[in-house]
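Worksheet: one structure, shown below.
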Amino acid sequence: MHVTYRPLAGAEELPLFLHLPYELNDEVADDLVRGNRRPEWLWIAERDGEVVARAGWWARPGATEPYLMDFLDFAPGADGTARALVRAALDVLVPQGKTPPEYLRFVPPDWHADPAAIYQRMAVLEGLGARLLVERLRLEWRPGTPIAPDDGRLVFRSFDGTDEALDLMTRTVVGTLDAHNRADLERMTERAVAEEHLHGELARYPSPQEWWRVATLPGGEPVGFVFPARNDYGPIIAYIGVLPEHRGHGFIDAILAEGTRTLAAHDIPRIRASTDVGNAPMARAFARGGYVDYQRQIDMTWE
287 MHVTYRPLAG AEELPLFLHL PYELNDEVAD DLVRGNRRPE WLWIAERDGE
337 VVARAGWWAR PGATEPYLMD FLDFAPGADG TARALVRAAL DVLVPQGKTP
387 PEYLRFVPPD WHADPAAIYQ RMAVLEGLGA RLLVERLRLE WRPGTPIAPD
437 DGRLVFRSFD GTDEALDLMT RTVVGTLDAH NRADLERMTE RAVAEEHLHG
487 ELARYPSPQE WWRVATLPGG EPVGFVFPAR NDYGPIIAYI GVLPEHRGHG
537 FIDAILAEGT RTLAAHDIPR IRASTDVGNA PMARAFARGG YVDYQRQIDM
587 TWE
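Residue numbering for the sequence shown follows our numbering, starting at 287 and increasing by one per position.
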């Protein structure tokens, strides 16, 4: 039977893309309006008029190329069709010689108990040269959860401009346990990693930069920072860190509490955050701060 691989012709074809289930289905229409998605980034494989596979990409509004891939679904037995669909889409969406966007998938916290569906998706992309980079915890703080009171050990203030933010972020990258940062450091300097994170992501959020907080000792020496923010989907702890020379002294709890307190003052439904499963110190800090592990995230990257 003949299979057709193509992007959506327009937003009016969105029901075809939403034919297969996934929790992000409810966000796609709004994403199209905001510019996070385009019809030409939403691809389907049709067999005799039926959608048997789909793949979709996302970007920040105004971007001319996709930033990440976050949809890959297919009917039972359509693994090969899904692989051919992704290959066809990447041939169009990714310029020659450029690395394809990273793939991410939200999965239940207990997905390892029944991993077949996730492994099938991973196998489709592995067949195209992708590999697993990291599994991440997706965390959530809910209103009414206690926030640790200020213990008086740290003083919090705003950043003294972009240069200070870049300096502290650059210093914090040293010795990082974050898999994405570690991968970036294989091809970039610490400063370049900080610049890409600040200018490519943090500075683009619509929330006030006055929310960003530097943690210092009473004498003024910085020990860490936190970036409370809002993205297009709600309030988040966008970035948090402790400088290498101040790690191991329990400062992370007060810094996280300050970020949580900043966001909680703005009548929010919840706060979300994430960290690598392998970043045990940060995962424990989030747990102590009242953040619940409600979901996992699988990140795959191309060689």
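Note that the Cβ used here is the ideal one computed from N, Cα and C, for glycine as well.
Model, not experiment: these values are computed from the prediction.
Beta-carbon contacts of residue i that lie in its chain and below 8 Å, excluding the five residues immediately before and after
{"i": "Val-393", "result": "Ile-404, Gln-581, Arg-582, Gln-583, Ile-584"}
{"i": "Arg-547", "result": "Ile-433"}
{"i": "Val-289", "result": "Ala-331, Glu-332, Arg-333, Val-338, Thr-367, Ala-370"}
{"i": "Glu-313", "result": "Tyr-519"}
Residue i, DSSP secondary structure in three states
{"i": "Leu-440", "result": "coil"}
{"i": "Met-355", "result": "strand"}
{"i": "Arg-292", "result": "strand"}
{"i": "Ala-573", "result": "helix"}
{"i": "Arg-547", "result": "helix"}
{"i": "Val-578", "result": "strand"}
{"i": "Ile-541", "result": "helix"}
{"i": "Met-586", "result": "strand"}
{"i": "Arg-558", "result": "strand"}
{"i": "Arg-468", "result": "helix"}
{"i": "Val-479", "result": "helix"}
{"i": "His-233", "result": "Because the chain in this structure spans residues 287 to 589, residue 233 falls outside the shown range and cannot be described."}
{"i": "Met-474", "result": "coil"}
Close Cβ partners of residue i (< 6 Å) along its chain, the five nearest in sequence each way excluded
{"i": "Leu-549", "result": "Pro-514, Pro-521, Ile-557"}
{"i": "Leu-418", "result": "Met-586"}
{"i": "Ala-375", "result": "Trp-329, Ala-341"}
{"i": "Asp-317", "result": "Arg-323"}
{"i": "Ala-339", "result": "Ala-331, Phe-360, Ala-364, Thr-367, Ala-368, Leu-371"}
{"i": "Val-420", "result": "Ala-465, Asp-562, Asp-585"}
{"i": "Thr-431", "result": "Gly-576"}
{"i": "Trp-327", "result": "Trp-343, Pro-352"}
Beta carbon of residue i nearer than 8 Å to that of residue j
{"i": "Phe-357", "j": "Ala-368", "result": "no"}
{"i": "Asn-531", "j": "Arg-499", "result": "Checking the sequence, you will find Glu at residue 531 rather than Asn. In this structure, Arg-499 does not lie closer than 8 Å to Glu-531 by Cβ."}
{"i": "Pro-352", "j": "Pro-401", "result": "no"}
{"i": "Leu-454", "j": "Pro-508", "result": "yes"}
{"i": "Leu-390", "j": "Leu-414", "result": "no"}
{"i": "Leu-529", "j": "Gly-510", "result": "yes"}
{"i": "Arg-422", "j": "Val-512", "result": "no"}
{"i": "Gly-575", "j": "Ala-434", "result": "yes"}
{"i": "Asp-365", "j": "Ala-409", "result": "yes"}
{"i": "Ala-559", "j": "Ile-523", "result": "yes"}
{"i": "Ala-451", "j": "Leu-411", "result": "no"}
{"i": "Ile-541", "j": "Ile-554", "result": "no"}
{"i": "Glu-487", "j": "Ser-444", "result": "no"}
{"i": "Pro-307", "j": "Asp-579", "result": "no"}
{"i": "Ala-416", "j": "Trp-588", "result": "yes"}
{"i": "Arg-477", "j": "Thr-502", "result": "no"}
{"i": "Leu-310", "j": "Phe-303", "result": "no"}
Contacting residues, own chain, Cβ-Cβ under 7 Å from residue i (five flanking each side not counted)
{"i": "Pro-492", "result": "Arg-516"}
{"i": "Ala-315", "result": "Leu-300"}
{"i": "Arg-428", "result": "Arg-556"}
{"i": "Asn-467", "result": "Val-459, Val-479"}
{"i": "Trp-397", "result": "Ile-404, Arg-582"}
{"i": "Tyr-577", "result": "Leu-425, Glu-426, Trp-427, Ala-559"}
{"i": "His-305", "result": "Val-337"}
{"i": "Arg-490", "result": "Arg-346"}
Any non-hydrogen atom of the ligand PLP closer than 7 Å to residue i Cβ
{"i": "Pro-429", "result": "With respect to the ligand PLP, the structure shown offers nothing to examine, as it has no ligands at all."}
Query raised in the report: Does the region 327-335 come close enough to the region 383-390 to have 3 or more Cβ pairs within less than 8 Å?
Result: no
Report task. Please determine if the region 342-359 and the region 320-329 are in contact, where contact requires at least 3 C-beta pairs separated by less than 8 Å. Result -> yes
Query raised in the report: With contact counted as at least three CB pairs below 8 Å, one residue from each stretch, are the region 535-551 and the region 432-440 in contact?
Result: yes
Query - Segment contact, 8 Å Cβ cut-off, at least three pairs: the region 564-580 with the region 462-475 - result: yes
Query - Ordered list of alpha helix (DSSP H) runs contained in the region 297-350, each at least 4 residues - result: 300-303, 311-320
Query - Residue ranges of each beta strand (DSSP E) within the region 411-463, 3 or longer - result: 416-427, 441-443
Report task. List in chain order: all unbroken beta strand (DSSP E) runs of 3+ residues lying wholly within the region 488-532. Result -> 499-502, 508-517, 520-528
Query raised in the report: Can you give, in chain order, each stretch of the alpha helix (DSSP H) that sits fully within the region 350-407 and has at least 4 residues?
Result: 365-379
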